[in-house]
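Novice: Quick note: the sequence shown uses full-length UniProt numbering, first residue 1, plus one each step.
For every residue, glycine included, the Cβ atom is placed at its ideal position computed from N, Cα and C.
Here's a structure for you.
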Amino acid sequence: MIEIYRKSLKDAHIQRGSVVQKGSWVSVTDPSEHEIEFLTDDLKLERGHISDALDPFEVPRFEVEGTTMYIFLRFPYEDRGAIQTMPILFVVAEDFLVTVTRDRKAMFEDFLSGKIDFTTTQKEKFLLLFFIKINVLYQSYLHSINKDVRIKQSNIERITNRDIIAFVDRERVLNDFVTALVPAGKIYNTLLGKQHLAFIKEDSDIVEDLTLSNEEAIDICNTSIKAISNIRQAYSTILTNDLNKTMKFLAGITILLTLPTMIASIFGMNVQFPLQENPMAFTGIIGLIALVSLIAFWIFSKKDWF
């Protein structure tokens with residue numbers, strides 16, 4: 001699907017059109033073969049880059065073809081409870097801006113609804129607003145993940161197997177974020193350092209803030225990954241200790257049950273024993289069993305087996 005929008009400083013609302021003009025935003029979502037031909041033949045875009053933008057495993061990168069820039073990034077989204085990232089291509093041509101993605105999800109909602117104020121005719125600033133939106137999405141998901149990790153970290157003794165499984169998924173998400181954020185930071189530095197775009201002073205400050213925000217997001221990812229790893233190690237240690245305590249307890253119970261059996265078995269043998277004719281012999285044997293069992297129980301208790 002191809003949608004063409006335009007909004008100048010004079011326009012109160014975004015206008016949708018059918019012809020690409022100077023200052024237009026061409027929004028491309030999961031294009032058909034016919035639409036790809038329009039992009040390559042009419043707008044003179046590189047077909048290979050368009051195909052790369054539709055590849056779910058495409059990594060962030062920056063390409064320049066003549067006077068046209070191709071900026072590949074990834075943005076986070078949630079699908080049926082699972083957090084993932086998706087590639088998006090920004091094509092900065094001389095007269096227009098093109099975005100290409102398989103599914104725009106929540107990426108463009110704030111732009112089309114008017115929640116974010118922008119003008120398509122100022123393509124450099126418009127592009128920065130997209131970058132900021134991507135960073136905001138990352139920060140939002142990272143805040144949620146980091147909050148959950150901190151809560152579990154403060155109640156580590158109550159962690160369940162389901163929590164550990166959730167942590168494995170969180171770790172996958174964070175690694176996916178790092179894979180997307182690190183090259184994105186290099187792209188921002190490239191845009192600022194080599195001045196590929198005609199940024200005014202105000203826009204350059206935004207790029208610097210964007211770079212710092214990106215680095216902060218990477219730090220949060222790495223910190224959360226380390227915290228999750230520590231929680232998993234602590235959980236493993238707790239399980240091992242609990243298993244050892246259980247084994248000691250069962251071993252102690254086994255010994256306590258075995259001692260009376262051994263003593264009773266000895267006196268149950270068909271051999272002569274001292275005092276076997278004594279009417280108090282049975283009471284004495286019971287007393288001996290009780291004494292030995294109490295001594296064994298005291299020893300095990302001192303060793304924290306019970």
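Taking the alpha carbon of Y141 as the reference point, which residue from I220, A296, T29 has its own alpha carbon closest?
Specialist: Ranking I220, A296, T29 by Cα distance to Y141 puts I220 first.
Novice: Thinking C-beta only, is T120 closer than 8 Å to L9?
Specialist: Taking 8 Å as the Cβ cut-off, L9 and T120 do not qualify as a contacting pair.
Novice: Would you list the residues sitting across from Q84 in a DSSP beta bridge?
Specialist: DSSP, once it has assigned bridges, lists Y77 as partnering Q84.
Novice: Alpha carbon to alpha carbon, how far is N155 from V149? Give it in angstroms, no decimals.
Specialist: Going from the Cα of V149 to the Cα of N155 covers about 10 Å.
Novice: Verify whether the separation of the beta carbon atoms of L174 and I225 is less than 8 Å.
Specialist: Yes, these two residues count as a Cβ contact at 8 Å.
Novice: Does the beta-carbon distance from A53 to T85 come in below 8 Å?
Specialist: Against a cut-off of 8 Å, the Cβ pair of T85 and A53 comes out as no contact.
Novice: Look at residue 352 and F130 and say whether their C-beta atoms are less than 8 Å apart.
Specialist: Residue 352 is absent from the structure shown; the chain starts at 1 and stops at 306.
Novice: Which same chain residues, not among the five before or five after residue 315, have their C-beta less than 6 Å away from its C-beta?
Specialist: Here the chain has residues from 1 to 306 only, and residue 315 is not among them.
Novice: Is T120 helix, strand or coil when you go by DSSP?
Specialist: Coil, per DSSP.
Novice: Evaluate K152 with the Cβ neighbour count: other Cβ atoms within 10 Å of its Cβ, from every protein chain shown; 16 or more gives buried, anything less gives exposed.
Specialist: When all chains shown are included, K152 counts as buried.
Novice: For T67 and F167, what's the separation of their Cα atoms in angstroms?
Specialist: If I take the Cα positions, the gap works out to 45 Å.
Novice: Name the two residues that bound the continuous beta strand (DSSP E) containing G17.
Specialist: Where G17 is concerned, the enclosing beta strand (DSSP E) stretches over 15–17.
Novice: In the DSSP output, what is M69 paired with across the bridge?
Specialist: DSSP output for M69 lists V64, V92 as bridge partner(s).
Novice: Counting only the same chain and skipping the five closest in sequence on each side, list residues whose C-beta sits under 7 Å from that of I132.
Specialist: Within the same chain, I132 has close Cβ partners L210.
Novice: Between M280, N214, I228, A264, which has its C-alpha nearest V292's C-alpha?
Specialist: When only C-alpha atoms are compared, the closest one is A264.
Novice: Quick one, which of E124, T240, A296 has its alpha-carbon nearest M69's?
Specialist: Cα-wise, what sits closest to M69 is E124.
Novice: So, for R162: in the same chain, excluding its five sequence neighbours on each side, which residues have a beta-carbon less than 8 Å away from its beta-carbon?
Specialist: Within the same chain, R162 has no close Cβ partners at all.
Novice: Spatial neighbours of N135 within its chain, please: C-beta separation below 6 Å, excluding the five flanking residues on both sides.
Specialist: Counting only Cβ-Cβ distances below 6 Å, and skipping sequence neighbours, we find S213.
Novice: Ignore the nearest five residues each way along the sequence and tell me which others in N189's own chain have a CB closer than 8 Å to its CB.
Specialist: Within the same chain, N189 has close Cβ partners T211.
Novice: Just grab the DSSP bridge partners of L97 for me.
Specialist: Answer is W25, V92, bridged to L97.
Novice: How many angstroms separate the CA atom of F118 from the CA atom of R16?
Specialist: Going from the Cα of F118 to the Cα of R16 covers about 14 Å.
Novice: By alpha-carbon positions, which one of F38, Q21, K22 ends up nearest to V28?
Specialist: It is F38 whose Cα lies nearest to the Cα of V28.
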